[in-house]
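Remarks on the structure that follows.
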Amino acid sequence: MPSTPSDPDDTIWLQQRPCGCVVAAVVAVVPGEWRLATAEQAHAHFNPTPWDLVRAADAQLTVVPVTGRRYREQHQTRWRCDTHATPAVLPPSDA
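So this is what it looks like as structure tokens:
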């Protein structure tokens with residue numbers, strides 16, 4: 041797991057499958073609520089119960105930080121990796 045983002049105020053933590061599909065995302069800092077400064081803290085946030093920990097381990101989920109800009113440009117509208125992404129417009133059913 042990557043350890044510490046350079047600017048927690050502009051960090052979004054992603055929980056991802058091994059293929060790169062995003063399972064969950066959370067901002068690193070919510071004033072008065074939480075501050076997820078390390079990957080370990082983000083992992084605990086995503087997986088608060090023993091059941092969640094087992095599920096994450098079985099699915100080989102990882103936690104990675106991205107900047108807000110990278111999230112908006114690469115992940116916000118598309119959480120699936122290139123292998124699992126579906127086309128934005130499907131071809132006609134009679135094609």
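For the sequence shown, my numbering gives the first residue as 41, with consecutive numbering after it.
All residues carry an ideal CB built from backbone N, CA and C; glycine is no exception.
Small disclaimer: the values here were computed from a predicted structure and weren't measured.
DSSP three-state label for residue i, please.
i    : result
Q100 : coil
Q81  : helix
Q116 : coil
Could you tell me which of the options sits nearest to residue i, measuring between CA atoms?
i    : options               : result
A125 : C59, V70, S46, W53    : C59
T123 : I52, D49, P48, C61    : C61
V63  : G108, Q81, A96, R75   : A96
L48  : G108, F86, R118       : As written in the sequence, residue 48 is Pro, which differs from the Leu given in the question. Checking every option, the nearest Cα to that of P48 belongs to G108.
P71  : R112, D50, P105, Y111 : D50
E80  : A99, T117, Q55, D98   : Q55
Please state if the CB of residue j and the CB of residue i are separated by a distance shorter than 8 Å.
i   : j    : result
I52 : V69  : no
A82 : V103 : yes
Assuming the contact rule is C-beta atoms closer than 8 Å, residue i and residue j should be a hit. Round their C-beta distance to whole Å, please.
i    : j   : result
L136 : R57 : Residue coverage of the chain in this structure runs from 41 to 135, which leaves residue 136 outside it and unanswerable.
With a 10 Å radius around its C-beta and 16 neighbouring C-beta atoms as the bar for buried, classify residue i as buried or exposed.
i   : result
P90 : exposed
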